[in-house]
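Number of protein chains: 2
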Amino acid sequence: MRRGFERSKADFGADRAATLASVAAAAGVSRQTVSNIFNAPHKVQLATRRRVEAEIARQGYRPNRSARSLRIQRSGLVGYCVKPPSPAGDPIMDRFVHSLCQAAERDAYHVLLFAATPDGPMAAYEHLVAQQAVDGFVISDTTVDDARQEWFQRRGVPFAAFGRRWSGPEIGAWIDIDGAAGVAAAVHHLAELGHRRLAFIGWPEGSGVGDDRCRGFREAAVERGLAVAGIAHTVNHYDDGRRAAAELLAQADPPTAVVCVSDELAVGCDTAIRDRDLVPGRDVAVTGFDDTSSAALPTVSLTSVRQPLQEVGDHVVRLLVDALRDPGADPEHVLLVPELVVRHSTDHPDRTVP
Amino acid sequence: MRRGFERSKADFGADRAATLASVAAAAGVSRQTVSNIFNAPHKVQLATRRRVEAEIARQGYRPNRSARSLRIQRSGLVGYCVKPPSPAGDPIMDRFVHSLCQAAERDAYHVLLFAATPDGPMAAYEHLVAQQAVDGFVISDTTVDDARQEWFQRRGVPFAAFGRRWSGPEIGAWIDIDGAAGVAAAVHHLAELGHRRLAFIGWPEGSGVGDDRCRGFREAAVERGLAVAGIAHTVNHYDDGRRAAAELLAQADPPTAVVCVSDELAVGCDTAIRDRDLVPGRDVAVTGFDDTSSAALPTVSLTSVRQPLQEVGDHVVRLLVDALRDPGADPEHVLLVPELVVRHSTDHPDRTVP
DNA sequence: GCACCGCGTTTGAACGTAACAACTCCGTGT
DNA sequence: ACACGGAGTTGTTACGTTCAAACGCGGTGC
């Protein structure tokens, strides 16, 4: 049966999409040869290859993804769960997601995005695993006592995390930003400007990321021999940052610089400084974390720690691809040092700091 | 590591995942019966169903997604292209993406996320279409002379847009925010506060969204019989907003309120007002658009127009699903009126506005 | 008694791809 | 002349699902 002839000229584009068979028939070769063009080009003679490639181009053929996935038992998809948006918005989500997509595509993967469902935090993951819809997951925002890694391990599901494991034994590969180092960079910067008395505004204790950044502050202060004028812990709202800073600045011996665990709190601190008719950067320095758009506003002009999210995306995909290739290999852990973006909130103080 | 043992009994496949066949064999029925449990439960007798369902639960079986897709010729995936992050960050991306995922999942779809590739804006779309990796696309940020809709139509690719069609004939369904109405709401609000002389700071002409919002300003001003003290067009940067506002305020007969096309520009305008030792909200009112985190900062406290992104996600998915169900149907167009979030930047002025 | 019906179920055949083994062809060495 | 090997091709099977058709079966009408 000369299927090839029926197609070749007119019909294949009419409604049905090109397939391995339609290309093979039109090029006068077998399906396997066309398949080899994609999966083992070296097995095909150059002349044949040219001919088939021309036909592939003519029909605009690409291997059907479902069929291929079914055959090779891999979907080529990486799952990533988006967290519900907070009222304040997420300053790093868009950058991370974009870099994740880009990196994934470099390894011929795509990102399957999903949201958490009402019925339990793992339900959506479970669903996708059972359906074999994804080859693995990327997770972010790991928390203390995060249950996900253990769950993945128990099920034998490959994954890679943006965010280290804050408690329990190490499970799986992760990449993280060295928040402590980022905050320490801010402290060193302040020390070099001559500041000798610092305070820190952090998140409530127990948050992994927050505690890490706080530790970075303490250690750097000790290393530099700086006095600590107070460490506050508060939820991540502007108002709370303002309140906490007001208290710190009202002390008998107030700090000349305040290091904050986030831009949100730092902007609150900035306001508290102005509330006392002081000038942020000149009278009291402030630093934040994440280099959000608010920090970049010239009226705020906040020195902040910027996470290299492009690289995070590259790494997290690499870690996942490694795990997919060799499930038995030792999981790698990567810690990236973020960059301090210096702005006016840490100008060189006019007056001499004691 | 004896993975098999972790599963319930040990038999149905120490390693392999559950399949239709494995469930059927264990339950003593044919594959089709198991299939019917999922796709046509009414065709299965209650007793049989109970038995099969028990076995499904025991094995944790879910239909394999690739196999199902291959058979029914639908992937159950919706493609969405993430745009590269701008330095200022995207204020609405995280909210939109999350609502997109949630809405898609309600219709048993998932979102396949991808980034634009270096080789042309349509290359990534083309790739996914040829692979039959997605059933359709959601696009956003439609522009004047957007080539995507026409391309989709030519290829017969279902899609739905967040963002109307700004030029050429209508193609496909869209949902959009009525930017003109949003800006008009700001104008009406200002008029009610007693303002009689307004200015507008917009984007460079030709941008669709920007022109629409500008039109909303003009028309509302006419409707209210308000004087227009100037209309500026500038790129979306804080500094440019500040500069444009400075010029407007330096006029002989300056506006008492400035409506801005974005929060970014509005914050710049806010600064320009303070530069003249005036108080935003009391002396000169300002409004923005998008209700970004910067706008919500109490030091800025910007009245702004908030887009109902949750609803946008719901609608755009509905439109796409409609297009998938009935490709011939008339595409629907939805225009949502956004909500004005009133803050201190439009406080009631102390002095009487002439 | 037999054709017919509807219901619940089973059977065989796709969907489009890739792995595998078997085969053809051609040049080479003895 | 003929076995040999390697490059390249072909037929067959399987991946897991759904669709269409067919089946068995008890009940109904004539």
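Line by line, the protein sequences give chains X and Y. Each residue of the first sequence is one higher than the one before, counting from 4 in this note's numbering. Each residue of the second sequence is one higher than the one before, counting from 4 in this note's numbering. For every residue, glycine included, the Cβ atom is placed at its ideal position computed from N, Cα and C.
Original post:
How would you label D138 of chain X, buried or exposed, when you count the other beta carbons within 10 angstroms and need 16 or more for buried?
Top reply: By the C-beta density criterion, D138 of chain X is buried, having at least 16 other C-beta atoms within 10 angstroms.
Original post:
Going by DSSP, which residues form a beta bridge with H236 of chain Y?
Top reply: In the DSSP assignment, the residues bridged to H236 of chain Y are Y:G205.
Original post:
Can you name the residues of chain Y whose CB is closer than 7 Å to the CB of R98 of chain X?
Top reply: Chain-order list of chain Y residues neighbouring R98 of chain X: P88, by C-beta distance under 7 Å.
Original post:
Taking Cβ positions only, does G358 of chain Y come closer than 8 Å to chain X?
Top reply: An answer regarding residue 358 of chain Y cannot be provided, because it is not within the stretch 4 to 357 covered by chain Y.
Original post:
Quick one: is D280 of chain X buried, meaning 16 or more other Cβ sit within 10 Å of its Cβ, or exposed?
Top reply: Label assigned to D280 of chain X: exposed.
Subject >> Under 8 Å between C-beta atoms of V100 of chain Y and L116 of chain X >> reply: For the pair V100 of chain Y and L116 of chain X, the CB atoms are nearer than the 8 Å cut-off.
Original post:
To the nearest angstrom, how far is it from the Cα of N239 of chain X to the Cα of G92 of chain Y?
Top reply: Going by C-alpha positions, N239 of chain X is about 20 Å away from G92 of chain Y.
Subject >> Neighbourhood of D148 of chain Y by C-beta, 7 Å cutoff - its chain only, sequence neighbours within 5 removed >> reply: These residues qualify, in order along the chain: S170.
Original post:
Quick one: is G233 of chain X buried, meaning 16 or more other Cβ sit within 10 Å of its Cβ, or exposed?
Top reply: Buried, since its Cβ has 16 or more Cβ neighbours within 10 Å.
Original post:
What residues of chain X sit near P94 of chain Y, judged by a beta carbon separation below 8 Å?
Top reply: Going along chain X in sequence order, the residues near P94 of chain Y (Cβ under 8 Å) are G92 and S296.
Original post:
Does the separation of the CB atoms of V270 of chain Y and V320 of chain Y fall below 8 Å?
Top reply: Between V270 of chain Y and V320 of chain Y, the CB-CB gap reaches or exceeds 8 Å.
**OP:** Could you tell me which residues DSSP pairs with F140 of chain X in its beta bridges?
**Re:** Answer is X:G82 and X:F162.
Original post:
Under the three-state reduction of DSSP, which class applies to H192 of chain X: helix, strand or coil?
Top reply: Of the three classes helix, strand and coil, the one that applies to H192 of chain X here is helix, per DSSP.
Original post:
What residue ranges within the segment 278-337 of chain X form continuous alpha helix (DSSP H) runs of no fewer than 4 residues, ordered along the chain?
Top reply: Entirely contained in the segment 278-337 of chain X, the alpha helix (DSSP H) runs reaching 4 residues are, in chain order, 296-299 and 312-328.
Original post:
Within 8 Å (strictly less), CB to CB, does Y241 of chain Y reach chain X?
Top reply: At a cut-off of 8 Å between beta-carbon atoms, Y241 of chain Y makes contact with chain X.
Original post:
Any Cβ of chain Y within less than 8 Å of the Cβ of T22 of chain X?
Top reply: False, the Cβ-Cβ gap to chain Y never drops below 8 Å.
Original post:
For V264 of chain Y, does the three-state DSSP call read helix, strand or coil?
Top reply: V264 of chain Y: coil per DSSP, three-state reduction.
**OP:** Alpha carbon to alpha carbon, how far is P66 of chain Y from C104 of chain X? Give it in angstroms, no decimals.
**Re:** Take the alpha-carbon of C104 of chain X and the one of P66 of chain Y: they are about 27 Å apart.
Original post:
If the cut is a Cβ gap below 7 Å, which residues of chain X does C104 of chain Y touch?
Top reply: Residues of chain X passing the Cβ test: V85, L116, F117 and A118.
Original post:
What does E195 of chain Y reach in chain X if we use C-beta pairs closer than 7 Å?
Top reply: Residues of chain X passing the Cβ test: none, with the nearest at roughly 27 Å.
Original post:
How would you label G123 of chain X, buried or exposed, when you count the other beta carbons within 10 angstroms and need 16 or more for buried?
Top reply: Result: exposed.
**OP:** Give the interface partners of N67 of chain Y over in chain X, defined as CB-CB distance under 7 Å, in chain order.
**Re:** Listed along chain X are Q134 and Q135, each with a C-beta nearer than 7 Å to that of N67 of chain Y.
**OP:** Determine the DSSP secondary structure at L229 of chain X, reduced to helix, strand or coil.
**Re:** Note: L229 of chain X maps to coil in three-state DSSP.
Original post:
From which residue to which residue does the beta strand (DSSP E) around V114 of chain Y run?
Top reply: Residues H113 to A118.
**OP:** Might you give, ordered along the chain, the residues of its own chain that have their beta carbon closer than 8 Å to the beta carbon of A127 of chain X, omitting 5 neighbours on each side?
**Re:** Sequence-distant Cβ neighbours of A127 of chain X in its own chain, meaning closer than 8 Å and more than five residues away, are C84, F117, A118, A119 and T120.
**OP:** For P207 of chain Y, go through chain X and note every residue whose CB falls closer than 9 Å to its CB, in chain order.
**Re:** Chain-order list of chain X residues neighbouring P207 of chain Y: empty, with the shortest C-beta distance near 21 Å, by a criterion of under 9 Å.
Original post:
Who are the Cβ neighbours of P357 of chain X in its own chain at under 7 Å, not counting the five residues just before and after it?
Top reply: The pLDDT assigned to P357 of chain X is 40, lower than 50, so where the model puts this residue is not dependable, and the model offers no usable value.
**OP:** Please report the Cβ distance between L268 of chain X and I204 of chain X, rounded to the nearest whole angstrom; I am assuming they are in contact, meaning their Cβ atoms lie under 8 Å.
**Re:** Going by Cβ atoms, the distance from L268 of chain X to I204 of chain X rounds to 5 Å, so yes, they are a contact pair.
Original post:
Any C-beta of chain X sitting closer than 8 Å to the C-beta of R346 of chain Y?
Top reply: By this cut-off, R346 of chain Y is not an interface position.
Original post:
Whose C-alpha, out of Y:A27, Y:A249 and Y:A176, is nearest the C-alpha of L327 of chain Y?
Top reply: Selection Y:A27, Y:A249 and Y:A176 evaluated against L327 of chain Y yields Y:A176 as nearest (Cα-Cα).
**OP:** State the start and end residues of the unbroken beta strand (DSSP E) segment that holds E342 of chain X.
**Re:** Start and end: E342 to V344.
Subject >> Inter-residue Cα distance where the pair is R5 of chain Y and R168 of chain X >> reply: Residue placement at R5 of chain Y cannot be trusted, given a pLDDT of 30 that sits under 50; what the coordinates show is reported in the next sentence. When rounded, the distance between both Cα atoms is 25 Å.
Subject >> Per-residue burial, R216 of chain Y [other beta carbons within 10 Å of its own, 16 or more giving buried] >> reply: Buried is the call here.
Original post:
Along chain Y, in chain order, which residues have C-beta atoms closer than 7 Å to that of A70 of chain X?
Top reply: Per Cβ cutoff of 7 Å: L73.
Original post:
In this structure, does DSSP put I95 of chain Y in helix, strand or coil?
Top reply: When DSSP states are grouped into helix, strand and coil, I95 of chain Y belongs to the coil group.
Original post:
If you follow the beta strand (DSSP E) that I180 of chain Y is part of, which residue opens it and which one closes it?
Top reply: Note, I180 of chain Y: beta strand (DSSP E), A176 to I180.
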